[in-house]
Amino acid sequence: MRLFIRLLKAVAGLAVLVVAGLFAWLYAAPPELIRVGSGYAAKIVCSNVFIAGRDPDEVLEVDVQAPGHPLLKLMRVSVDRDAKTVKAGLLGVLGQSTAIAREGLGCASVPDGDLEQARAVQLTQEPVASSPSEASWPAGERAGPVLPEIAAIVGDDDLAGPGLRAIVVVQDGKIVAERYGAGFSEKTPLLSWSMSKTVNAAIIGTLIREGRMSVDASRLFPGWDGDGRADITIADLMAMSSGLVFNEDYGAVADVTRMLYLEPDMAGFAATKELGGPVGEVFSYSSGTSVMLSRLWQQALDDPQQALQWPRRALFGPLGMSSAVIEADARGTFVGSSYIYATARDWARFGQFLLDDGVWNGERILPAGFVSWMREPAPASNGVYGRGQMWLEAPGGNGSRMGVPADTFWLKGHDGQTIAVIPSRRMVVVRMGLTPRAAGYGSELLVAALTTAGGVQ
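Sequential numbering from 129 applies to the sequence shown in this note's numbering.
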């Protein structure tokens with residue numbers, strides 16, 4: 129019996145040593161998957177706390193843990209409101225990552241831990257003035273009159289989809305119906321994910337109009353001069369047809385998750401990728417492409433501070449998108465692939481802006497015909513993607529069979545973010561939520577029902 133007890137003690141001691149050793153290893157050299165998870169948790173909580181004003185515990189539970197990888201359920205976060213930082217780690221300590229909030233620039237992942245360098249990136253421009261509440265949308269925030277038949281469609285839970293956060297329907301330049309999920313309102317800034325790509329393209333359009341950029345420009349990055357990448361043009365990048373290798377798989381540590389959560393200089397990382405196919409002949413959807421475009425348009429301006437000011441000065445300000453924040457990485461490059469926060473009404477303003485061919489309040493902001501060019505099918509995309517960072521294909525790929533008008537074009541983002549712009553109906557439909565792909569929801573049925581409603585001309 130004594131021998132058995134000694135044996136149990138020895139096994140228990142060995143188990144403690146193994147667990148302690150494993151913990152020490154994870155602490156000293158955490159696997160990249162843990163660091164990606166902690167970087168994601170820190171970034172999402174930071175943005176929702178410091179931009180959207182939400183409760184960090186709710187964001188961690190609802191936005192990070194509920195729909196994500198099982199590993200995320202073990203993430204814990206701490207928020208320092210004075211330092212404007214959020215730290216996250218597995219069980220709170222393993223593979224820790226930090227995100228930092230900077231005024232007017234949202235939050236940035238700081239994977240190298242250099243908070244001082246990240247804080248040095250500052251925006252000095254005044255914020256966009258809020259729209260007057262008493263004026264009718266889009267000049268102000270007064271919506272209506274609501275069309276009952278449209279409101280009934282928006283109120284249908286099956287059409288709205290699970291995880292709904294906001295729906296705004298605009299027809300003939302007026303909000304005719306809107307709906308918000310529990311805890312959200314017309315004042316809540318919402319994350320775009322990849323809808324940002326189309327905004328990024330519009331920013332490029334503002335610089336093309338000023339003669340500072342051309343879609344035909346090539347030899348875009350210094351490291352590309354000695355090989356076939358020198359032939360890549362801005363038009364190739366816009367059409368997702370650069371030929372560059374970039375893994376966009378969000379299920380593990382891939383190029384996209386590495387870029388977003390492990391690289392302080394996202395554009396620099398994306399620009400190191402090699403060619404995997406002929407330039408202009410292979411369609412490959414890539415968030416790295418969009419971040420490189422951000423770097424290029426920022427470099428087209430005279431200085432870094434002017435570049436940080438440009439989205440507000442050239443786009444958000446004129447459109448009255450006072451809530452809009454495009455977030456920059458730790459080195460100051462806007463994450464034009466993924467990270468814009470704005471209210472649903474401000475997203476509707478951007479959709480209306482595209483519907484009106486880049487004109488706002490009679491002022492031309494984008495070059496004449498630029499939105500039409502953005503909508504032209506990218507030659508390598510088999511008709512599903514436009515030349516200018518927008519989708520021609522509905523979220524589920526079957527919009528035409530569901531009755532969506534053929535001229536509809538789309539902004540689409542991760543977890544169910546969509547804006548449908550329907551020129552033939554003079555309609556814009558914004559639908560935002562937390563709706564993972566596994567839910568099987570697409571907004572085609574909602575859009576089809578709205579465009580065939582009796583109140584729609």
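Cβ coordinates follow ideal geometry from the N, Cα and C atoms, glycine included.
- Spanning the alpha carbons of residue 262 and residue 353 requires a straight line of approximately 55 Å.
- A direct Cα-to-Cα measurement between residue 456 and residue 316 gives close to 20 Å.
- Residue 466 has its alpha-carbon roughly 29 Å from the corresponding atom of residue 281.
- Excluding sequence positions up to five before and after residue 393, its CB lies within less than 8 Å of the CB of 457, 458, 459 and 461, all in the same chain and listed in chain order.
- Using a 10 angstroms sphere on the CB of residue 348, the tally of other CB atoms reaches 16 or more, which defines it as buried.
- Residue 196 and residue 204 do not touch by the CB rule: their CB atoms are close to 14 Å apart, not below 8 Å.
- With a 10 Å radius around the Cβ and a threshold of 16 neighbouring Cβ atoms, residue 364 comes out buried.
- Per DSSP, residue 298 is not a residue of any alpha helix (DSSP H); the beta strand (DSSP E) it occupies stretches across 292-299.
- In the three-state scheme derived from DSSP, where H, G and I count as helix and E and B as strand, residue 452 is classed as coil.
- When C-alpha distances from residue 237 are compared across 388, 493, 400 and 510, the shortest belongs to 388.
- Remark: C-beta atoms of residue 499 and residue 485 approach each other more closely than 7 Å.
- In the DSSP secondary-structure assignment, residue 547 is bridged to 539 and 558.
- Residues of the same chain with a CB within less than 6 Å of the CB of residue 535, apart from the 5 flanking positions on each side, are 551 and 552 in chain order.
- Cβ neighbours of residue 450 within its own chain (closer than 8 Å, five residues either side excluded): 255, 256, 257, 258, 259, 444 and 474.
- The beta-bridge partner set that DSSP reports for residue 174 is empty.
- Membership of residue 250 in any alpha helix (DSSP H) is not indicated, and neither H nor E is assigned to it by DSSP.
- One Cα belongs to residue 291, the other to residue 277, and the distance between them is close to 23 Å.
- Here DSSP, grouped into helix, strand and coil, assigns residue 519 to strand.
- In the structure shown, residue 511 falls within a coil segment according to DSSP collapsed to helix, strand and coil.
- Judged by DSSP in its simplified three-state form, residue 182 adopts coil rather than helix or strand.
- In this structure, the straight-line span from the alpha carbon of residue 333 to that of residue 512 is close to 21 Å.
- Residue range 302-308 is occupied by the beta strand (DSSP E) that includes residue 306.
- With a cutoff of 7 Å on beta-carbon distance, residue 180 and residue 225 are scored as not near each other.
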